[in-house]
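**Q** In UniProt numbering, the protein residues as written are 1 to 113. For each residue, glycine too, the CB sits at the ideal point set by N, CA and C. This is the structure, below, for whatever I ask next.
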């Protein structure tokens, strides 16, 4: 009897943040999260890592953080560019809270298979 739900087998699939317990986000849902980051005045950034090393604390950064970027389409374009450049890597979107000097938001936008 298969007891795994449509959301995956939680005993064997690595989880990287809260959203990883949900089905993968589509383009519009990712856009909503980008807008949340921008609306909070946070700076967006992309990180990527190969699944074999994904549980290490530091992931390489894709370019520099998007300091002051207010166009969510620019960030979406960079997400796609990172995915194309590293198709075998997970890609994570991070929102840096400059006031608290910490990550305010972080989730996978692409999970490598």
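#1: Tell me, please, whether the stretch 53-61 touches the stretch 95-105 by the rule of three or more beta-carbon pairs shorter than 8 angstroms.
#2: Could you give the distance in angstroms between the alpha-carbon of residue 17 and the alpha-carbon of residue 24?
#3: What's the C-alpha gap between residue 84 and residue 94?
#4: Could you give the first and the last residue of the continuous alpha helix (DSSP H) run that contains residue 72?
#5: Short check: CB of residue 46 to CB of residue 72, under 7 angstroms?
#6: Which parts of the stretch 20-76 are runs of the beta strand (DSSP E), unbroken and 3 residues or longer, counting only runs that do not cross its ends?
#7: Measuring CB to CB, does residue 29 end up less than 7 angstroms from residue 89?
#8: Have a look at 111, 82, 39, 36 and flag the residue whose alpha-carbon is nearest the alpha-carbon of residue 60.
#9: Have a look at residue 107 and residue 66 and give me their C-alpha separation to the nearest angstrom.
#10: So the beta strand (DSSP E) residue 90 belongs to, where does it begin and stop?
#11: In terms of alpha-carbon separation, which member of 20, 22, 76 lies closest to residue 34?
**A** Taking the geometry as given:
#1: no
#2: 12 angstroms
#3: 19 angstroms
#4: 72-85
#5: no
#6: 43-49, 61-66
#7: no
#8: 82
#9: 16 angstroms
#10: 90-97
#11: 76
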